[in-house]
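Undergrad: Numbering (the numbering used here), first residue to last: 99 to 840. Each residue gets a CB set at the ideal place from its N, CA and C atoms; glycine is no exception. Pasting a structure here, questions to come.
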């Protein structure tokens, strides 16, 4: 994750800038909180002989600039050269950085004085006796508690001579010190890498001649977002070398082609007093060698008997325990609250009817139905989580509720819920009797209905993100598969817990209304809630595709109604066996054939993604479509930005919009303060929005982010359930200038 993503350097500006801001040869340039200067190691240029130039940077106390990989925030320094014809400038040679920690973020950069080296090669046929101008234009970001962009142009004039160039004594020590801090390549060191879902490990095996002992090793990767920069890195001594274990970043999916970077140790990689930085290009190992048995943490003298991949996975896991248990607790609470969300209530009406029936039934059977319903919820949550984890491991940018970003899935789910509604209206019965009027169930009846109720409740529940749930889900998908599945399992357990409790404690069922004739009316009323859910799904489908497909689905629902009527009219228990079989076959043929015909017209998710329409604006608020670039530009210009991560299929999002974001007081305050409203519409699959959610450790909606202050100020994350008061309270801090905190 980067706090700043855009560069402030436009090469086209170089020519104009040169005319006005070149530094005088040999003179430093003073800008905000730092001093810069272009220096050349030699006093002359010899044709065809490379020489070294450097950008000397001296920061004021407590200020820093950035390395080539700035880590969690910042921008690397850039140098554009203005050289004589046929002169060539190489890449920047970066001294190893230091880790600069600020609260929950870490950056890689430089404090004090440093120099970025570049090798310049003149042409071999360069004429001697004259002079050449070596020009450069540099841009950087200098930061302390705030960040300021800086830029300057430079020019150094050097004579051209056939004689061997002399060393400029003014800069000899600085060039020597800088070279000592450059990463070196020592091929005899063998470095292997292994990546798991939550950890990155490097094992460095020393050459036979190495007699030193490494301590305080830190890895600075060239790969951006590969590791969690702020987390401590753990070094352990092994039988054959050293094992460095790092927490993997939750923002990097898949596996990089190679792991490159710099290993830094105060002890030196060629012995005591030698270079501290080792340039690394690690070789992947499916398993670290069996000989990589942990001997002890470096310098501790203890003994551990782990080895290979097991030791790698175990390393560094202790500091995750509290986070995992907290995530499990949040998932359990989020699952409980999920029962109150508008996504879930219509489907759970089926289960309410089941408990009303169980109130007059055998307690043992009531417990059985509760456990079967719980099993349906748990298995469904684990199945959806497994698919999501597998797809994300393959590089897909997906989040929780991803199935409702698929038009085909919306069609299928609409048909299923429509059929449930038809059953509640009494058109046909699912099983022997989904809901009876006081009759006793035999040992097999209704069990399938309880399991299916749990499955359906889960499928429709996933678009909602209850309080506590979003953080738990975001954490889950940055951990190992086993830890992720545990968190999703607790989420399902939380959702099923009230029903499991009611069915397991018969005394509680006495508070449930007794069966009676009123139940038939209540059952049919619940059917209207199911039909309302179908209308909502069709609305979502219309946003993802086009009205023509929605019209086809409505025809499909008419055919499903016809099939359901045939099934109920001639396929019930009271009908003869031949009539029953014929009716069931005809009903299945009508419904399946109609579904196949409509599904063949459904566009693939990628196509739906392009054609999706944005949701309508909340009354009074004008929404800008989300892009990272837009948010960055608005923040850079000093604007306050409110980002609404939403989706049409997220009913919680829609309720928040109606209740809070359409409130006249909220709209008036937005206008008064000049807050720019940006909508990140996740109705259809959008990798950019998925990555933006991941920046906040989330993989679900709703998410509300208020950016205040400067471009480097921490944003404020609003609760997932909004009220006008909560939004107005957050906006009041914009007016008073209080710093928002995440």
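Taking buried to mean at least 16 other C-beta atoms within 10 Å of its own C-beta, is residue 283 buried or exposed?
TA: Result: exposed.
Undergrad: From which residue to which residue does the beta strand (DSSP E) around residue 786 run?
TA: Per DSSP, residue 786 belongs to no beta strand (DSSP E); it is in the alpha helix (DSSP H), 785-793.
Undergrad: Under three-state DSSP, which class holds residue 763?
TA: Of the three classes helix, strand and coil, the one that applies to residue 763 here is helix, per DSSP.
Undergrad: Quick one: complete beta strand (DSSP E) runs, 3+ long, within the segment 125-177?
TA: Runs found: 127-129, 132-138, 149-157 and 162-169.
Undergrad: Let's see if you can read the secondary structure: which residues bound the beta strand (DSSP E) around residue 79?
TA: No answer is possible for residue 79: it lies beyond the span of the chain, which begins at 99 and ends at 840.
Undergrad: Candidates 679, 233, 765 and 259: which alpha carbon is nearest residue 227's?
TA: Per the Cα distances, 259.
Undergrad: How about residue 138 and residue 230: are their beta carbons less than 7 Å apart?
TA: Contact: no.
Undergrad: Please state the DSSP three-state secondary structure of residue 777.
TA: DSSP places residue 777 in strand when its eight states are reduced to three.
Undergrad: Tell me, which residues are paired with residue 323 by DSSP?
TA: DSSP lists no partner for residue 323.
Undergrad: Is the beta carbon of residue 206 closer than 7 Å to that of residue 193?
TA: No, these two residues do not count as a Cβ contact at 7 Å.
Undergrad: Would you tell me roughly how many angstroms separate the C-alpha atoms of residue 773 and residue 808, rounded to the nearest one?
TA: The alpha-carbon atoms of residue 773 and residue 808 are separated by roughly 14 Å.
Undergrad: I'd like to know whether the C-beta atoms of residue 820 and residue 734 end up nearer to each other than 7 Å.
TA: No, these two residues do not count as a Cβ contact at 7 Å.
Undergrad: Taking its Cβ as the centre, do 16 or more other Cβ atoms sit within 10 Å of residue 148, making it buried, or is it exposed?
TA: The residue is exposed, with fewer than 16 neighbouring Cβ atoms inside 10 Å.
Undergrad: Pick helix, strand or coil for residue 667, following the three-state DSSP scheme.
TA: In the structure shown, residue 667 sits in a helix (DSSP, three-state: H, G or I).
Undergrad: By alpha-carbon positions, which one of 255, 315 and 198 ends up nearest to residue 327?
TA: The option with the nearest alpha carbon to residue 327 is 198.
Undergrad: May I ask you to verify whether the segment 215-227 touches the segment 238-251, counting CB pairs closer than 8 Å and requiring at least 3?
TA: No, they do not touch.
Undergrad: Quick one, are the C-beta atoms of residue 378 and residue 359 less than 7 Å apart?
TA: Result yes, Cβ atoms of residue 378 and residue 359 sit closer than 7 Å.
Undergrad: Between the C-alpha atoms of residue 410 and residue 299, what's the straight-line distance to the nearest angstrom?
TA: Only weak support exists for where residue 410 lies, its pLDDT of 37 falling under 50; the value from the coordinates is given anyway. Those two C-alpha atoms are separated by around 7 Å.
Undergrad: With a 10 Å radius around its C-beta and 16 neighbouring C-beta atoms as the bar for buried, classify residue 334 as buried or exposed.
TA: Label assigned to residue 334: buried.
Undergrad: Please confirm if the segment 622-630 is in contact with the segment 509-522, defined as three or more CB-CB distances below 8 Å between the two stretches.
TA: Segments in contact, yes.
Undergrad: In the DSSP assignment, the beta strand (DSSP E) including residue 282 goes from what residue to what residue?
TA: Here residue 282 belongs to no beta strand (DSSP E), and DSSP marks it neither H nor E.
Undergrad: Could you have a look at residue 359 and say whether DSSP puts it in helix, strand or coil?
TA: In this structure, residue 359 counts as strand in the three-state DSSP scheme.
Undergrad: Helix, strand or coil for residue 209, going by three-state DSSP, please let me know.
TA: Strand.
Undergrad: Please tell me whether residue 601 and residue 380 are closer than 7 Å, where the distance is taken between their beta carbons.
TA: Not in contact: residue 601 and residue 380 (Cβ atoms no closer than 7 Å).
Undergrad: Does residue 219 come out as helix, strand or coil in the three-state DSSP assignment?
TA: Strand.
Undergrad: Tell me the residue span of the alpha helix (DSSP H) that contains residue 277.
TA: Start and end: 270-278.
Undergrad: Could you check what DSSP says for residue 346 in three-state terms: helix, strand or coil?
TA: Residue state, collapsed to three classes: strand.
Undergrad: Measuring CB atoms only, is the segment 286-295 touching the segment 253-267, in the sense that at least three cross pairs come out at less than 8 Å?
TA: The segment 286-295, when compared against the segment 253-267, does not touch it at the 8 Å Cβ threshold.
Undergrad: Quick one, which of 273, 252 and 170 has its alpha-carbon nearest residue 214's?
TA: Looking at the Cα atoms, 273 is the closest of the given residues.
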